[in-house]
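> Here the protein sequences line up with chains A and B, keeping their order.
Note that this note's numbering numbers the first sequence so that position 270 is 333, with each residue one more than the last.
Note that this note's numbering numbers the second sequence so that position 127 is 245, with each residue one more than the last.
The structure follows.
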Amino acid sequence: MRHLMNPLDLSVEELDRLLDLANDIEKDPEKYAHSCAGKKLATLFYEPSTRTRLSFEAAMLNLGGSVLGFSSADSSSAAKGESVADTIRVISCYADICAMRHPKEGAPLIASMKSRIPVINAGDGGHQHPTQTLTDLLTIRSLKGRLGNFTIGLCGDLKFGRTVHSLIQALIRYPGVHFVLISPEELRLPDNIRDDVLRRNKQEFKEVVRLEDALPELDLLYMTRVQRERFFNEEDYVRMKDFYILDKEKLKLAGPDMMILHPLPRVNEISVEVDEDPRAAYFKQAQYGVYVRMALILTLLGLEGSVC
Amino acid sequence: MLNVGKLNEGVVLDHIVAGKSMDLYHYLKLDKMDCCVAIIKNAHSNKMGKKDIIKVECPIDQLDLNVLGYIDHNITVNIIQDGEIVSKKVLSLPKKLINIIHCKNPRCITSIEQGIDHIFFLADEEKEIYRCQYCEEKYGKAKK
C-alpha cells in the first residue's frame, strides 16, 4: 500500500507516469468518469481549507466515487481529544482512501503508520503539501512544455510556505533549474531546505529581497501568501503581509513569456489587475489541481491501469 | 584514586567526559535495572585530565549501547566476560534515535499526540545533525 507524504515519495519515473495520466484525464475526462465507482474518499481536514478540500472532493466525484469527512477539527472527534492514530484506525473502516490536512507537522505521517488505507498528506502545518507540488509540476509541464532548464523565482513567505519547500525538493531532480529566492529577511527559506536540499545538491540559487531585481531574469514567478495562521505574533504578521505586491507596473520588468503561479488563496500579493494578463496562470493551476488529484487517487488505489 | 572491584560479566564505560556519567546513567536506563552499578566521577586521566567511569555488572544484551554513539562516540566501551575484557565496542552515531531526545517544535504532532515514539534520524553525519521524523526539525548535538 502506498501513501503520499512528500513529493519525493514518488520517483521521477513515477511522477512522469502520474503527470501523463493527469494530462490524459484533461484530454478525455469522460473516459474516467466511473473508474472509482463504489470507492469512498475520506477528507479529514483539521484546519480550514477551501481549495484543497474541494479539489480532492471534485476529483473523487469526477471519478464516480463518493466522499465523506469533516472540514474542521471542531466538527471531528479531535475536539473530544481523540488522537490522530485512533481517528485513522476508525476511518480505515469507512473509506478506501484518505486525504488529511492537519495544523501539526507530521500528523499525516502518524496516520499513514497506523492506517489500513492509502493516506495522502493534504498539508501538515508549515511542513509539506505534496499535492500542491504535483499541481505545480503539472501546470509547469503542461504550459511550459518542460520540467527543467528554467529560472524560477519563489517570492513571499519562504519560511513557513510549505508549497515552496515541497516545490524546491521536487524541482532539484530536474536539470538546469535556477532558483531565485525572493523574501524579506524574516521570512527566508529555512536551513533544512537551503542547506540540506539546495546546497547539498549543489543547486544554483540566489537570495534577493526586492522582487523588482529578480523579475527580468525569470521564466516563472511563484508568488505566495504571507499566512496569518503561521505566526504566533499578530504584529509580525501585519508587518510582513503586504511586503510584496505584484501589479501591472512591476510586471513591465518581466519577460513576455514569464508564467505567474500562485497556490491560492491570493490576498494582496497579486493585484487583481494582473488576472487578465496572459502570463497569469494561477486559475489554470487550480484546474490542473483537480486533474492531478484524480490521477493520484487512481494511482494510490491501483486503478490507473484499469481504464481503457 | 578509588578502586572498584573487577566485574565478572558486564560493561565498563571509560573516558566519559567528567561530570557526564549521570546523564549516561539515565540514557542507558540504569536507574530501572536491578543490577550492580558503580559510578566514578572525576577520576584522573592522562588523556583527558579528568574523566568519569561507569561499571555495570549485567548480561551484555540487557544494555542498549547504541545510544552511547549519540551521546559521545569517544567513550571507550569494554565488554567484560569471566572477569576479562573480551572486546571493545566501536561507537558511531546511530542512524535512528527512538525516545532518546524529544522534539521541541511546538508545531510538531509530537507536541499533542499521546503515546507515540519520538523518532529522530541522522540527517548529516559530518555535522552530527538529527531531524525529527515527523516535522524534520533540526536537532544538533550542541542542543543536547
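Don't be surprised by glycine CBs; every beta carbon is placed ideally from N, CA and C.
The structure presented is a predicted model; accordingly, all values stated were derived computationally and were not measured.
With a threshold of 9 angstroms between beta carbons, is residue 255(A) in contact with chain B?
Sequence index remark: in the first sequence, residue 255(A) carries index 192 (1-based). By this cut-off, residue 255(A) is an interface position.
> What in chain B is Cβ-close to residue 235(A), meaning under 9 angstroms?
Start at 1 with the first residue of the first sequence, and residue 235(A) comes out as number 172. Simply none; closest approach about 16 angstroms.
> Would you mind listing the beta strand (DSSP E) stretches within the stretch 204-266 of chain A that are 3+ residues and don't spill past its ends, in chain order?
213-218 and 240-245
> List the residues of chain A that residue 199(B) touches, going by C-beta distances under 8 angstroms, in chain order.
Residue 199(B) sits at position 81 when you count from the first residue of the second sequence. Those within 8 angstroms of residue 199(B) in chain A number zero; the least Cβ separation is about 39 angstroms.
> Which ranges would you report for the beta strand (DSSP E) in the stretch 177-216 of chain B if only whole runs of at least 3 residues count?
The qualifying runs are 194-199, 202-207 and 214-216.
> Do we get a CB-CB distance below 9 angstroms when we pair residue 217(B) with the residues of chain A?
As a position in the second sequence, residue 217(B) is number 99, starting the count at 1. So no, residue 217(B) is outside the interface.
> Along chain A, which residues have their Cβ under 9 angstroms away from the Cβ of residue 138(B)?
Within the second sequence, the letter at position 20 stands for residue 138(B). What residue 138(B) touches in chain A: nothing, since even the nearest Cβ is about 28 angstroms away.
> Helix, strand or coil: how does DSSP classify residue 170(B) here?
The residue given as residue 170(B) occupies position 52 in the second sequence. In this structure, residue 170(B) counts as strand in the three-state DSSP scheme.
> Residues of chain A with CB closer than 8 angstroms to the CB of residue 223(B), please, in chain order.
As a working mapping, residue 223(B) is identified with position 105 in the second sequence. By Cβ distance, chain A contributes 168.
> Considering only the beta carbon of each residue, do residue 364(A) and residue 102(A) sit closer than 9 angstroms?
Position 301 of the first sequence, counted from the first residue, corresponds to residue 364(A). Position 39 of the first sequence, counted from the first residue, corresponds to residue 102(A). Yes.
> Curious, which full-length alpha helix (DSSP H) runs of at least 4 residues does the stretch 154-197 of chain A contain?
170-177
> Let me check understanding here. Comparing Cα to Cα, which of 236(A), 251(A) and 243(A) lies closest to residue 260(A)?
Counting from 1 along the first sequence, the entry for residue 260(A) is found at position 197. Looking at the Cα atoms, 236(A) is the closest of the given residues.
> Put residue 160(B) into one of helix, strand or coil per three-state DSSP.
Along the second sequence, one-based indexing puts residue 160(B) at 42. Reduced to three states, the DSSP call for residue 160(B) is strand.
> Which residues of the stretch 171-187 of chain A have a Cβ closer than 8 angstroms to any Cβ of chain B? Give them in chain order.
172, 173 and 187
> By the criterion of Cβ-Cβ separation under 7 angstroms, what are the contact partners of residue 246(B) in chain A?
Walking along the second sequence from the start, residue 246(B) turns up at place 128. Here the premise fails: no neighbours, minimum Cβ distance about 14 angstroms.
> At what residues does the beta strand (DSSP E) containing residue 133(B) begin and finish?
Taking the first residue of the second sequence as position 1, residue 133(B) is located at position 15. Start and end: 128-135.
> Using the Cβ count rule (16 or more neighbours within 10 Å means buried), how would you classify residue 212(A)?
Taking the first residue of the first sequence as 1, we reach residue 212(A) at position 149. The residue in question, residue 212(A), is exposed, as its Cβ has fewer than 16 Cβ neighbours within 10 Å.
> Along the chain, where does the beta strand (DSSP E) containing residue 103(A) start, and where does it finish?
Numbered from 1 along the first sequence, position 40 holds the residue referred to as residue 103(A). Looking at the DSSP string, the run of the beta strand (DSSP E) that includes residue 103(A) is 103-108.
> I need the DSSP call for residue 306(A), collapsed to helix, strand or coil.
Along the first sequence, read from residue 1 onward, the residue named residue 306(A) stands at position 243. Residue state, collapsed to three classes: coil.
> Hey, could you find the ends of the beta strand (DSSP E) residue 242(B) is sitting in?
The residue given as residue 242(B) occupies position 124 in the second sequence. Its beta strand (DSSP E) spans residues 237-242.
> For the putative contact between residue 182(A) and residue 170(A), defined by C-beta atoms under 8 angstroms, what is the C-beta separation to the nearest angstrom?
Along the first sequence, read from residue 1 onward, the residue named residue 182(A) stands at position 119. Along the first sequence, read from residue 1 onward, the residue named residue 170(A) stands at position 107. With a Cβ gap of about 10 angstroms, residue 182(A) and residue 170(A) do not count as contacting.
> DSSP has residue 268(A) in a bridge; who is on the other side?
Taking the first residue of the first sequence as position 1, residue 268(A) is located at position 205. Bridge partners of residue 268(A): 242(A).
> Less than 9 angstroms separating the beta-carbons of residue 178(B) and residue 197(B)?
By 1-based counting over the second sequence, the position of residue 178(B) is 60. By 1-based counting over the second sequence, the position of residue 197(B) is 79. Their beta carbons are under 9 angstroms apart, which means residue 178(B) touches residue 197(B) by this criterion.
> Since residue 257(B) is in the beta strand (DSSP E), which residue starts that stretch and which ends it?
Position 139 of the second sequence, counting from 1, holds the residue named residue 257(B). Its beta strand (DSSP E) spans residues 256-258.
> Alpha helix (DSSP H) containing residue 360(A): first to last residue?
Translated into positions along the first sequence, residue 360(A) becomes position 297. Residues 345-363.
> Cβ closer than 9 angstroms: which chain B residues qualify as neighbours of residue 146(A)?
Taking the first residue of the first sequence as 1, we reach residue 146(A) at position 83. Here the neighbours are 230, 231, 232, 233 and 234.
> I need the boundaries of the beta strand (DSSP E) containing residue 129(A), first residue and last residue.
Taking the first residue of the first sequence as 1, we reach residue 129(A) at position 66. It spans 129-133 - the beta strand (DSSP E) in which residue 129(A) sits, taken as one unbroken run.
> List the residues of chain A that residue 243(B) touches, going by C-beta distances under 7 angstroms, in chain order.
Walking along the second sequence from the start, residue 243(B) turns up at place 125. Within chain A, no residue comes near residue 243(B); the closest Cβ sits about 12 angstroms away, beyond 7 angstroms.
> What's the C-alpha gap between residue 180(B) and residue 145(B)?
The residue labelled residue 180(B) in the question sits at position 62 within the second sequence. The residue labelled residue 145(B) in the question sits at position 27 within the second sequence. Using only the alpha carbons, I get a separation of about 14 angstroms.
> Below 7 angstroms between beta carbons is the criterion; list the residues of the stretch 186-200 of chain A that meet it against any residue of chain B, in chain order.
188, 189 and 190
> For residue 136(A) and residue 163(A), I'd like the C-alpha separation in whole angstroms.
As a first step, residue 136(A) must be located in the first sequence, where it is residue number 73. As a first step, residue 163(A) must be located in the first sequence, where it is residue number 100. Between residue 136(A) and residue 163(A), the C-alpha separation is close to 11 angstroms.
> In angstroms with no decimal places, state the Cα-to-Cα distance between residue 243(B) and residue 93(A).
Locating residue 243(B) in the second sequence gives position 125, counting from the first residue. Locating residue 93(A) in the first sequence gives position 30, counting from the first residue. If I take the Cα positions, the gap works out to 51 angstroms.
> In chain A, what lies closer than 9 angstroms to residue 252(B) by C-beta?
Here residue 252(B) refers to the residue found at position 134 when the second sequence is read from its first residue. Within chain A, the residues near residue 252(B) are 167, 168, 169, 170, 172, 173, 187 and 190.
> Buried or exposed for residue 289(A), please, with buried defined as at least 16 other CB atoms from any protein chain shown within 10 angstroms of its CB.
Indexing the first sequence from 1 puts residue 289(A) at position 226. Buried, since its Cβ has 16 or more Cβ neighbours within 10 Å.
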